[in-house]
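Engineer: Mapped onto the working numbering, the consecutive letters of the sequence shown carry residue numbers 1 to 257.
Every residue, glycine too, gets a C-beta built ideally from N, C-alpha and C.
Small disclaimer: the values here were computed from a predicted structure and weren't measured.
Have a look at this one.
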Amino acid sequence: MSGNHKKRAFDPLRFFTRLKRSIRKRVLFRKFGEAWNAPKEALQNRSYESYDAYLEHQKAKLETHDFADYDVAFRTALRERLAALEISWPGRTVLCLAARIGTEVKAFLDLGCFAIGIDLNPGEENRYVVHGDFHDLQYAPNSIDVVYTNSLDHAFDIDRIAKEILKVLKPEGLLIVEAVQGRDQGVNPGFFESFFWKNIDELVRVFENAGFKVTRRTAITHPWPGEQICFGGTAIPVSSRAQRSEVEGLRRKSPDV
Ligand SMILES: C[S@@+](CC[C@H](N)C(=O)[O-])C[C@H]1O[C@@H](n2cnc3c(N)ncnc32)[C@H](O)[C@@H]1O
1 MSGNHKKRAF DPLRFFTRLK RSIRKRVLFR KFGEAWNAPK EALQNRSYES YDAYLEHQKA
61 KLETHDFADY DVAFRTALRE RLAALEISWP GRTVLCLAAR IGTEVKAFLD LGCFAIGIDL
121 NPGEENRYVV HGDFHDLQYA PNSIDVVYTN SLDHAFDIDR IAKEILKVLK PEGLLIVEAV
181 QGRDQGVNPG FFESFFWKNI DELVRVFENA GFKVTRRTAI THPWPGEQIC FGGTAIPVSS
241 RAQRSEVEGL RRKSPDV
C-alpha cells in the first residue's frame, strides 16, 4: 500500500475493548440520562437520585475511555503553563483534586514539587493518585501549599468543595482552578459532568464568596478552551532566575511515565 493510507491490522483485543466501553457508555446513559436542575440558572447541577448515584456515575469514566495520549499531551501543556507562572516550585506540597490517573500530578513532579492526587477512581496500583472524595478531604488543616483542580465540573456540592480546599490550604496558600468555558461561552457539559456554569465568572464568584481572592486569570486552550484562575498564593515566593534554570533542569531529567 502506498502513501499515508496504510490500513491498521485488525486487533481483536482493541476491538473488544472499544466494544465493551461503548456498551458500558450506553448502559450508563440509560441509567443517568441528561437531566439538569435549574438549567437556566448561572450554575447548574445534574440531577441524581442520591449521593451514591452521583458516586457511581463519576467513578465510571475511567473504564469508558483510553487516556494514554491525553496523559502525555496534558502533562506537557500543564507543566509549561505552571513554569510560566514563575513560582518557586521545588519542594512545594501540592494536592491535585480529582486527578484520575495522575497526569497533573506528574506535571507538578516535573517541576520539583511533592505532589499527590486524590480521585474517586484512581484505578489499580496508581503511584500518583490515592482514593478520595473532594467533598471530604483526608488531609490536615493548613497543611498544603498548592491545591490544583481542573475537575470542578464533576462537583456534587461546589460550596462544600470550596470549604474543604480552604481547610487544607496553608494560610495564603495557592489555589489553581482550570475551568472550561461555560454554556454562554459556547461549551456544553459532556455526559460525565455533574456541575456546570453559564460563564466562568459565575464559578469564580463561588470561590470569592467562600473567601478566596483572585490573583491571576489566564486564558488556556488545552485540553479545552477555558481559563486558569489563581486564588491567593501570596505566601509562595516568586522564583529567582537561578531557581527557574533549576526547574528547567528538572524538566529535562523527568522520566517518561
Ligand atoms: C474530567 S476527569 C479529570 C481528570 C484529571 N484531572 C485529568 O485532567 O486527567 C474528572 C475526574 O473527576 C473524578 N471525580 C469525580 N467526582 C469526584 C469526587 N467527588 N471526588 C474526587 N474525584 C472525583 C472522576 O473520577 C474523574 O477521574
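Find out if the Cβ-Cβ distance for the pair leucine 97, phenylalanine 156 is shorter than 7 Å.
Structural biologist: As a working mapping, residue 97 is identified with position 97 in the sequence shown. As a working mapping, residue 156 is identified with position 156 in the sequence shown. The answer is no: Cβ separation not under 7 Å.
Engineer: Under 8 Å by Cβ, that's how I've got leucine 95 and valine 147 pegged, so tell me the actual separation to the nearest angstrom.
Structural biologist: On the sequence shown, residue 95 is found 95 positions in, with the first residue counted as 1. On the sequence shown, residue 147 is found 147 positions in, with the first residue counted as 1. The Cβ separation is near 5 Å, so the contact holds.
Engineer: For a test of your reading of the model: does the CB of leucine 95 fall under 6 Å from any non-hydrogen atom of ligand 1? Yes or no.
Structural biologist: Taking the sequence shown and counting its residues from 1, the one referred to as residue 95 is at position 95. No - ligand 1 has no heavy atom lying nearer than 6 Å to the Cβ of leucine 95.
Engineer: So, do the region 232-239 and the region 73-87 have three or more beta carbon pairs nearer to each other than 8 Å?
Structural biologist: Yes, since at least three Cβ pairs between the region 232-239 and the region 73-87 fall closer than 8 Å, the two stretches touch.
Engineer: Answer yes if the region 96-113 comes into contact with the region 25-42, meaning at least three C-beta pairs across the two stretches below 8 Å, and no otherwise.
Structural biologist: No, the region 25-42 does not touch the region 96-113.
Engineer: Going by DSSP in three states, proline 255 sits in which element: helix, strand or coil?
Structural biologist: Start at 1 with the first residue of the sequence shown, and residue 255 comes out as number 255. Annotation note: pLDDT 45 at proline 255 (below 50); position unreliable, no value reported.
Engineer: Ignore the nearest five residues each way along the sequence and tell me which others in threonine 93's own chain have a CB closer than 6 Å to its CB.
Structural biologist: Mapped onto the sequence shown, residue 93 falls at position 93. Excluding positions up to five away in sequence, the list reads Phe114, Ile144, Asp145.
Engineer: Label phenylalanine 128 either buried or exposed according to how many other C-beta atoms from any shown protein chain fall within 10 Å of its C-beta, with 16 as the threshold for buried.
Structural biologist: Here residue 128 corresponds to residue number 128 of the sequence shown, with the count starting at 1. It should be pointed out that residue 128 corresponds to tyrosine in this sequence rather than to phenylalanine. With 16 or more other Cβ atoms within 10 Å, it is buried.
Engineer: Give the secondary structure of asparagine 188 by DSSP, where H, G and I count as helix, E and B as strand, and everything else as coil.
Structural biologist: Within the sequence shown, residue 188 is the residue found at index 188, counting from 1. In this structure, asparagine 188 counts as coil in the three-state DSSP scheme.
Engineer: Tell me the rounded alpha-carbon separation between glutamate 172 and valine 27.
Structural biologist: For the purposes of this step, residue 172 is taken as residue 172 along the sequence shown, with counting starting at 1. For the purposes of this step, residue 27 is taken as residue 27 along the sequence shown, with counting starting at 1. In a straight line, the C-alpha of glutamate 172 is about 45 Å away from that of valine 27.
Engineer: Should asparagine 259 go down as buried or exposed, given a rule of 16 or more other Cβ atoms within 10 Å for buried?
Structural biologist: This structure gives no information on residue 259, because the portion of the chain shown stretches from 1 to 257.
Engineer: Count the CB pairs spanning the region 224-232 and the region 57-66 that are closer than 8 Å, and state whether there are at least three.
Structural biologist: Taking 8 Å as the limit for Cβ pairs, the verdict is that the region 57-66 does not touch the region 224-232.
Engineer: Could you pull out every residue in the same chain whose Cβ sits closer than 7 Å to the Cβ of lysine 20, ignoring the five residues on either side in sequence?
Structural biologist: Locating residue 20 in the sequence shown gives position 20, counting from the first residue. There are no such residues.
Engineer: Would you report the Cα separation of histidine 154 and phenylalanine 10, rounded to the nearest angstrom?
Structural biologist: In the sequence shown, residue 154 corresponds to position 154, counting from 1. In the sequence shown, residue 10 corresponds to position 10, counting from 1. The alpha-carbon atoms of histidine 154 and phenylalanine 10 are separated by roughly 36 Å.
Engineer: Kindly identify the DSSP beta-bridge partner or partners of isoleucine 229.
Structural biologist: Start at 1 with the first residue of the sequence shown, and residue 229 comes out as number 229. The partner list for isoleucine 229 (beta bridge, DSSP) reads Val177, Arg217.
Engineer: Mind checking who leucine 68 pairs with in its DSSP beta bridge?
Structural biologist: Mapped onto the sequence shown, residue 68 falls at position 68. A small fix is needed here, since residue 68 is alanine in this sequence, not leucine. In the DSSP output, where bridge partners are listed per residue, alanine 68 has none listed.
Engineer: Helix, strand or coil: how does DSSP classify leucine 111 here?
Structural biologist: Numbered from 1 along the sequence shown, position 111 holds the residue referred to as residue 111. Reduced to three states, the DSSP call for leucine 111 is coil.
Engineer: Assign arginine 18 to buried or exposed, taking buried as 16 or more other Cβ atoms, counted over all protein chains shown, within 10 Å of its Cβ.
Structural biologist: Here the question's residue 18 lines up with position 18 in the sequence shown. The residue is exposed, with fewer than 16 neighbouring Cβ atoms inside 10 Å.
Engineer: Span of the alpha helix (DSSP H) holding valine 238?
Structural biologist: Counted from its first residue, the sequence shown places residue 238 at position 238. Here valine 238 belongs to no alpha helix (DSSP H), and DSSP marks it neither H nor E.
Engineer: Which residue or residues does DSSP assign as beta-bridge partners of leucine 169?
Structural biologist: Here residue 169 is taken as the residue at index 169 of the sequence shown, counted from 1. Ile144, per the DSSP bridge assignment.
Engineer: Rank Asn142, Asp119, Ser50 by C-alpha distance to the C-alpha of lysine 170 and give the top, closest one.
Structural biologist: Counted from its first residue, the sequence shown places residue 170 at position 170. Looking at the Cα atoms, Asn142 is the closest of the given residues.
Engineer: Looking at C-alpha atoms only, which residue of Leu175, Gly182, Tyr51, Ala68 is the closest neighbour of phenylalanine 32?
Structural biologist: Along the sequence shown, one-based indexing puts residue 32 at 32. Cα-wise, what sits closest to phenylalanine 32 is Tyr51.
Engineer: Confirm, please, whether the CB-CB distance from phenylalanine 191 to valine 214 is below 7 Å.
Structural biologist: Position 214 of the sequence shown, counted from the start, is the residue given in the question as residue 214. Position 191 of the sequence shown, counted from the start, is the residue given in the question as residue 191. Not a contact, by the Cβ cut-off of 7 Å.
Engineer: Should glycine 182 go down as buried or exposed, given a rule of 16 or more other Cβ atoms within 10 Å for buried?
Structural biologist: Reading the sequence shown from its first residue, position 182 is the one you call residue 182. Per the 10 Å Cβ criterion, buried.
Engineer: Among Leu78, Ser22, Glu104, whose alpha-carbon lies nearest the alpha-carbon of aspartate 66?
Structural biologist: Residue mapping note: residue 66 aligns to position 66 of the sequence shown, counting from 1. Of the candidates Leu78, Ser22, Glu104, the one whose C-alpha sits nearest the C-alpha of aspartate 66 is Ser22.
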